[in-house]
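Asker:
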Amino acid sequence: MSSKPRIAPSLLAADFSCFGDEVQRVVNAGADLLHFDIMDGEFVPNFGISPLMIAAVRDKTDVPFDVHIMVTHPLRYIDALVEAGADMITFHIESHDEPYAVISAIKAHNIKVGIAFSPNTPTDTVIPYLSDIDLVLPMSVEPGLGGQKFIENTLAKIETLSQEIQKHQYQLDISVDGGVTIETAPAAVQLGVTILVAGTAIFKSQQPETVIKNLRNA
Ligand code: DX5
Ligand code: ZN
108 MSSKPRIAPS
118 LLAADFSCFG
128 DEVQRVVNAG
138 ADLLHFDIMD
148 GEFVPNFGIS
158 PLMIAAVRDK
168 TDVPFDVHIM
178 VTHPLRYIDA
188 LVEAGADMIT
198 FHIESHDEPY
208 AVISAIKAHN
218 IKVGIAFSPN
228 TPTDTVIPYL
238 SDIDLVLPMS
248 VEPGLGGQKF
258 IENTLAKIET
268 LSQEIQKHQY
278 QLDISVDGGV
288 TIETAPAAVQ
298 LGVTILVAGT
308 AIFKSQQPET
318 VIKNLRNA
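With our numbering as the guide, the letters of the sequence shown map in order to residues 108 to 325.
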């Protein structure tokens, strides 16, 4: 049995010429979390949102800020992101810093920590960390770019993670990020996803509140 997922609009799909208004638009539309993508141009061949942009919109809302860092050296980003107002930081298992060092550095700030993994990374690589984190994020597209198609074999990864979490009675969220739409969300939620990240589906809609409501009832 699945309960309702929380919805995290991904600001990467926002109109950057009016970033603050875009934050307000999805908060008004009912966002449960706001998802910010940080990229370093190295871990992924692209650049994303900067800590300064996150700080600039922090006062607009109390909705928690969920920051996803697609960077080679996550340790270098943590202080700046906490300063900017991050409530949770999710780093990639494929990054170059030692995972427990990153987990401890994030937890030291009393915020939540998540681990993401890319489509070609086996689920086994994140299993050993599930007892120490607040969120696990199987990427359903190659990280670095919005607007891609949901990779179907992510569903099997979600199922494996759900089983592992249930078996050990761990308390953590399963999120999914990339190509999440009203068509792709239901299967993911059925298998145990508790946080749906969606960029294009929400920001490119004229009725973001309807999309958020439909995703929540997926
Ligand atoms: C991709 C980012 C996603 C992206 C999702 O690397 O992590 O958060 O914004 O965008 P959509 O929903 O358009 O696939
Ligand atoms: Zn993301």
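The C-beta atom is built at its ideal place from N, Cα and C for all residues, glycine as well.
1. Which stretch, first to last residue, makes up the beta strand (DSSP E) that contains Met246?
2. Please determine if the region 135-146 and the region 155-169 are in contact, where contact requires at least 3 C-beta pairs separated by less than 8 Å.
3. Would you mind working out which of Lys111, Val233, Leu237 and Ala292 sits nearest Ile258, comparing C-alpha positions?
4. Is Val318 helix, strand or coil when you go by DSSP?
5. Between which residues of its own chain and Val233 is the CB-CB distance below 7 Å, once the five residues before and five after are set aside?
6. Just how far apart, CA to CA, sit Ile272 and Gln313?
7. Please classify Arg183 as buried or exposed, where buried requires at least 16 other C-beta atoms within 10 Å of its C-beta.
8. Could you name the residues that DSSP lists as bridge partners for Ser117?
9. For Ala215, does the count of other Cβ atoms within 10 angstroms reach 16, so buried, or fall short, so exposed?
10. Is the CB-CB distance between Ala305 and Ile161 below 9 Å?
11. Near Gly251, what residues of its chain come up, given a Cβ to Cβ distance below 7 Å and the 5 sequence neighbours on each side ignored?
12. For the beta strand (DSSP E) that Ala325 lies in, which residues bound it at each end?
13. Met108 to His275, Cα distance in whole Å?
14. Pull up the distance between the alpha-carbon of Asp194 and that of Ser238, whole angstroms please.
15. Is Leu279 helix, strand or coil by DSSP?
16. Just to be sure I understand the criterion: a residue counts if its Cβ is closer than 5 Å to at least one heavy atom of the ligand ZN. Which residues meet that?
17. Considering only the alpha carbon of each residue, which of Val283, Ala308, Val189 and Tyr207 lies closest to Pro235?
18. Taking the Cβ atom as the reference point for each residue, do Ala138 and Pro112 lie within a distance shorter than 9 Å?
Answerer: In short, the structure shows the following:
1. Taking the sequence shown and counting its residues from 1, one reaches residue 246 at position 139. It is not in any beta strand (DSSP E) - Met246 carries neither H nor E in the DSSP assignment.
2. yes
3. Here residue 258 refers to the residue found at position 151 of the sequence shown. If we check each option's Cα against that of Ile258, Ala292 comes out closest.
4. Translated into positions along the sequence shown, residue 318 becomes position 211. If DSSP states are grouped into helix, strand and coil, Val318 belongs with the helices.
5. Numbered from 1 along the sequence shown, position 126 holds the residue referred to as residue 233. The residues are Ile200, Ile222, Phe224 and Val243.
6. As a position in the sequence shown, residue 272 is number 165, starting the count at 1. As a position in the sequence shown, residue 313 is number 206, starting the count at 1. Near 37 Å, if we compare the C-alpha coordinates of Gln313 and Ile272.
7. Residue mapping note: residue 183 aligns to position 76 of the sequence shown, counting from 1. When all chains shown are included, Arg183 counts as exposed.
8. Reading the sequence shown from its first residue, position 10 is the one you call residue 117. Per DSSP, His142.
9. Against the sequence shown, residue 215 aligns to sequence position 108. Its Cβ having fewer than 16 others within 10 Å, Ala215 is exposed.
10. Along the sequence shown, read from residue 1 onward, the residue named residue 305 stands at position 198. Along the sequence shown, read from residue 1 onward, the residue named residue 161 stands at position 54. No. Outside cutoff.
11. Locating residue 251 in the sequence shown gives position 144, where the first residue counts as 1. So the list reads Met146, Val151, Pro152, Asn153 and Met177, once near-sequence residues are dropped.
12. Position 218 of the sequence shown, counting from 1, holds the residue named residue 325. No beta strand (DSSP E) holds Ala325; DSSP gives it neither H nor E.
13. Counting from one through the sequence shown, the residue named residue 108 turns up at place 1. Counting from one through the sequence shown, the residue named residue 275 turns up at place 168. For Met108, the pLDDT reaches just 49, beneath the cut-off of 50, and the residue's location in the model is therefore unreliable, although a value from the coordinates is still provided. Going by the C-alpha atoms only, they are around 18 Å apart.
14. Numbered from 1 along the sequence shown, position 87 holds the residue referred to as residue 194. Numbered from 1 along the sequence shown, position 131 holds the residue referred to as residue 238. Roughly 19 Å separates the two Cα atoms.
15. Taking the first residue of the sequence shown as position 1, residue 279 is located at position 172. DSSP places Leu279 in coil when its eight states are reduced to three.
16. Asp144, His175 and Asp284
17. Your numbering for residue 235 matches position 128 in the sequence shown. Pro235 has its Cα closest to that of Tyr207, out of Val283, Ala308, Val189 and Tyr207.
18. Mapped onto the sequence shown, residue 138 falls at position 31. Mapped onto the sequence shown, residue 112 falls at position 5. For Ala138 and Pro112, no; Cβs fall outside 9 Å.
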